[in-house]
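Below: one structure, written as structure tokens.
Protein chains: 2
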Amino acid sequence: MLTYSFANIGSDSLYEHLYKCIKKDILSKNISVGDKLPSKRSLSKNLGISVITVENAYAQLISEGYIYSIPKKGFYVADITAISRIPEIITPADSIISIETISRKKIDMISNHTSLDNFPFSIWAKLMREVLSSNQPELMINSPCGGILKLRNAIARHLRDYRDIHVEPIQIIVGAGTEYLYSLLVQLLGFDKIYAIEEPGYQKIAQVYTSHHVICKHIPIDNQGISISELEASNSDVLHLSPSHHFPSGIITPISRRYELLGWASKKEGRYIIEDDYDSEFRMVGKPIPSMQNIDLSEKVIYMNTFNKSLSSTIRISYMVLPMHLINKFYKDLSFYSCTVSNFEQYTLARFIDEGYFEKHINRMRSYYHTKRDNLISKITSSRLNKYTTILEEDSGLHFILDIKTDMKDDEFCELALRSGLKIASISDFYAEPSSKNTHRFIVNYSSISEEDTERVIDILSAMIFRK
Amino acid sequence: MLTYSFANIGSDSLYEHLYKCIKKDILSKNISVGDKLPSKRSLSKNLGISVITVENAYAQLISEGYIYSIPKKGFYVADITAISRIPEIITPADSIISIETISRKKIDMISNHTSLDNFPFSIWAKLMREVLSSNQPELMINSPCGGILKLRNAIARHLRDYRDIHVEPIQIIVGAGTEYLYSLLVQLLGFDKIYAIEEPGYQKIAQVYTSHHVICKHIPIDNQGISISELEASNSDVLHLSPSHHFPSGIITPISRRYELLGWASKKEGRYIIEDDYDSEFRMVGKPIPSMQNIDLSEKVIYMNTFNKSLSSTIRISYMVLPMHLINKFYKDLSFYSCTVSNFEQYTLARFIDEGYFEKHINRMRSYYHTKRDNLISKITSSRLNKYTTILEEDSGLHFILDIKTDMKDDEFCELALRSGLKIASISDFYAEPSSKNTHRFIVNYSSISEEDTERVIDILSAMIFRK
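Going down the list, the sequences are from chains A and B. According to this note's numbering, the first sequence is numbered sequentially starting from 1. According to this note's numbering, the second sequence is numbered sequentially starting from 1001.
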């Protein structure tokens, strides 16, 4: 029977301590792959702690892949050689996460989180209440496959007013996240098509296409975005890109290149461009560049956007705008699908946009991120880091690029940062084809960096650069 | 310029009248394919009605496919030869639907709607308010790909208590509707697998598989469900079925056949059974038969259920339970996907289950449907219909089968019923391979039939049967 001391557990809760002890034993092979762990009840008796505590510790270990359970049999130690491949998203078990855990976390310049203060809880609650009291009949009628028309009207107006995109509400398809919409697009455009994505690029896009078993080609970008010659050579049919703000490089594709890309698409029937406009709301300086949808006269562009960045990634609402001829095909082939977003949230979001709250929210957030960005940039440039770093592509979206003069390899740099408490990624991390070339360019996603964290970021980076 | 009289519009609203006039002109080819309609402004001037009225009429025509719009150019008459193929789901434009329109509708024994009185609005609103005020930090943390653990815990407990299914919360994957989960399963189990579905069966299942370009075989059912010999002969890998209540036949697969099916699955590696338990909550008589998941010791069954039937089809929350070895594969291959259900609704549903409201709701609904069913059956058997009808498979779910002595062909019968104001489907409608054989069996989905409608149903059916 496992026996651990609970004498010096520091600030850990009981379950955390137990979880760490068992994890340590698994990692050090004191308990071997396939070994059965004691039942929750017997371990709780043996250690003199509650069953719930053991349950929480086991849940945490399961969610991180260290152990697995066989119903009615018990808990077994997993083969942890595969663990490093399990993506982070499945941890930690959210029922047992505490606010302390969140604040004790490493500084995260990789993920996007909407901070608590930035979600308009009271307005959302008010609108949700209004919807629940005054829209009851509509709440019980199945949404059309493309989404509630009231929401699509609201989005169409928003696109017209803030992005100068003029479309009919019927062209807008609402879905539970852009990943789901990619899946619909593969079904709409064809499993036999060749899909081209940006190299480097946002990994999830490649993962969705690959998971649908379609051919997915990685097209190198130059300093203006997708390389036309490489695109031509690839024999691709559908190009998926983010011309308004490429991730991770931050590049904004200029108008000339946009026309060239539209030229490529118009050259052959069946070619399409998926314009992923994921954070166009957060252009910090100057007017946004017109979208490709806007200058497309040959119905080649499928425009896509999401409320993940502008509202919260935990409300799953995204949408795409299909050209007229594709919307007809969509209704013919795919309208058997139910809309994946609940009516309740569709109506709430429609009110949020219609009543002007979304505009106010975006403006507030833009100014909030602007301040955050300026603060971080001024701290960097006024520190001794300044001589060793260059800030690039800082005018749009929620990240900029930090070019760092360092001899360290990109992955070494990120690893050392992580050990110092800073999660940061390099541009190299977003290449599908690993290369030995080091970019020395790092992605500074400042959306979740607090005022206090700013100091620590400077300290950690300085310590790393000047450590010799 | 189109000119219509608004003198005799009866009970129609202005926009409805305009919509009908233009539709009539399109159908009678007074306006031809490709013709440009007048702009909203000029038509409103010409007819002396508001622009909004024209806008609503045009929106309705667009949503039904009669016209289409080209942004910045105008509205054009569509090629309506294709219109009959456009599924009903895209109509009507919901922003302009009114309560009157809903109540004037035909009696619908095909679709499921949760009636207004049956959704627990006030409890849902209360719980949503609690979540919005007390779960703010958790609401902003991205859900694990399989769903919030609190909800998966609640579902696991519910399955244990009400279905005697014992699983770990980590085995449960929450998603925005079963259709979305089918898509995940194709990605998990393989695009190269052969999927077997029930013939006759629920059409959407075939549509999802076909839309994913996988081979989908239709396996005939006998009076116990899927035919084993046909299944063996089909060379299928994955069998998708509803053993607890087959749609549309209403058949409940007996335990012996369930074991045979498990035997089939166990015979070869890579074979799986998807057990779609969509309305097991509504067994009216006796205890539910154990699920196949329950008697599966070889990790072959993927259990699936939804809150669409038990709560409302407009809240998109479903889940599946993966066997342990598949859950590991799921986390490895597919955990890059974000969960498709919003945190807000996941937490609200978790509370709804945890605090006992779901159980109460199910019990209330079961008794409500029980009364509805008994009422309809007694009305039928005490009417002169009795001699010409037999009621079958009435013990489970929200529909039963009416076997009608009639010379009419199945499709003729349904068409005549529709013209009399009753939407009803026959079993023949759910065969993938159309056959000339007539079943004379009709599906009576009584979930949305009101007390008053019951009389009309009897009248319409009687008039049809005794019309000679």
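For glycine and all other residues, C-beta sits at the position ideal for the given N, C-alpha and C. Everything numeric in this text was worked out from a predicted model, so none of it was measured.
Beta-carbon spacing of residue i, residue j below 8 Å
i: Phe400 of chain A; j: Thr406 of chain A; result: no
i: Tyr76 of chain A; j: Tyr68 of chain A; result: yes
i: Lys1379 of chain B; j: Tyr1446 of chain B; result: no
i: His17 of chain A; j: Ile9 of chain A; result: yes
i: Pro243 of chain A; j: Gly225 of chain A; result: yes
i: Ser1450 of chain B; j: Ser1383 of chain B; result: no
i: Ser229 of chain A; j: Tyr195 of chain A; result: no
i: Met540 of chain A; j: Arg258 of chain A; result: In the structure as shown, chain A begins at 1 and stops at 468. Residue 540 of chain A is therefore absent and cannot be evaluated.
i: Asn112 of chain A; j: Leu398 of chain A; result: yes
i: Met284 of chain A; j: His158 of chain A; result: no
i: Tyr319 of chain A; j: Gly175 of chain A; result: yes
i: Leu1132 of chain B; j: Phe1352 of chain B; result: no
i: Thr314 of chain A; j: Asn1142 of chain B; result: yes
i: Ile219 of chain A; j: Ser211 of chain A; result: no
i: Met1464 of chain B; j: Ser1420 of chain B; result: yes
Coarse secondary structure for residue i, derived from DSSP in three states
i: Ala196 of chain A; result: strand
i: His1017 of chain B; result: helix
i: Ser1095 of chain B; result: Only weak support is given to the placement of Ser1095 of chain B: the predicted model assigns it a pLDDT of 31, under 50, and the question is left unresolved by the model.
i: Ser1378 of chain B; result: helix
i: Ala1425 of chain B; result: strand
i: Asn1328 of chain B; result: helix
i: Met292 of chain A; result: helix
i: Tyr1272 of chain B; result: strand
i: Ile1465 of chain B; result: helix
i: Asp407 of chain A; result: coil
i: Ser1396 of chain B; result: strand
i: Ile443 of chain A; result: strand
i: Gly356 of chain A; result: coil
i: Arg1085 of chain B; result: Legend: pLDDT at Arg1085 of chain B = 36, less than 50; position of this residue unreliable, no value from coordinates given.
i: Ile1052 of chain B; result: helix
i: Asn8 of chain A; result: coil
i: Ile226 of chain A; result: strand
i: Ser436 of chain A; result: coil
i: Lys24 of chain A; result: helix
i: Ser1367 of chain B; result: helix
i: Ser1414 of chain B; result: Going by the sequence as given, residue 1414 of chain B is Cys instead of Ser. Correct three-state label for Cys1414 of chain B: helix.
For residue i, the residue or residues it bridges with in DSSP
i: Ile1470 of chain B; result: Nothing can be reported for residue 1470 of chain B, as the shown portion of chain B is limited to 1001 through 1468.
i: Asp1108 of chain B; result: B:Lys1423
i: Arg1456 of chain B; result: DSSP lists no partner for Arg1456 of chain B.
i: Lys36 of chain A; result: A:Tyr76
i: Arg373 of chain A; result: None, per the DSSP bridge assignment.
i: Arg1283 of chain B; result: B:Ser1396
Residue i, enclosing beta strand (DSSP E) - first and last residue
i: Val174 of chain A; result: 172 to 175
i: Leu1392 of chain B; result: 1389 to 1392
i: His240 of chain A; result: 238 to 241
i: Ile1302 of chain B; result: 1301 to 1306
i: His1399 of chain B; result: 1399 to 1404
i: Ser1318 of chain B; result: 1318 to 1321
Residue i: first and last residue of the uninterrupted alpha helix (DSSP H) it sits in
i: Asn1046 of chain B; result: 1040 to 1047
i: Tyr1068 of chain B; result: No alpha helix (DSSP H) contains Tyr1068 of chain B, which is instead part of the beta strand (DSSP E) from 1067 to 1070.
i: Phe1075 of chain B; result: From DSSP, Phe1075 of chain B is part of no alpha helix (DSSP H) but of the beta strand (DSSP E) over 1074 to 1077.
i: Ile205 of chain A; result: 203 to 211
i: His158 of chain A; result: 149 to 163
i: Ile1178 of chain B; result: Residue identity differs from the one stated: residue 1178 of chain B is Thr in this sequence, not Ile. First-last of the alpha helix (DSSP H) with Thr1178 of chain B: 1178 to 1189.
i: Gly263 of chain A; result: 255 to 266
i: Phe1121 of chain B; result: 1121 to 1134
Residues within the stretch 165 to 190 of chain A neighbouring chain B, beta-carbon criterion of under 8 Å: His166, Val167, Glu168, Pro169, Ile170, Ala176, Gly177, Glu179, Tyr180, Ser183, Gln187
Near-chain B residues of the stretch 198 to 219 of chain A (beta-carbon distance less than 9 Å), N- to C-terminal order: Gln203, Lys204, Gln207, Val208, Ser211, His212, His213
Residues in the stretch 1365 to 1380 of chain B having any Cβ partner in chain A nearer than 7 Å: none
Contact residues within the stretch 1039 to 1073 of chain B, judged by C-beta distance below 9 Å to chain A: Ala1059, Ile1062, Ser1063, Gly1065, Tyr1068, Ser1069, Ile1070, Pro1071, Lys1072
Contact residues within the stretch 128 to 149 of chain A, judged by C-beta distance below 9 Å to chain B: Met128, Arg129, Leu132, Ser133, Gln136, Pro137, Glu138, Leu139, Met140, Ile141, Asn142, Ser143, Pro144, Cys145, Gly146, Ile148, Leu149
Contact list for the stretch 314 to 327 of chain A against chain B, Cβ threshold 7 Å: Thr314, Ile315, Arg316, Met324
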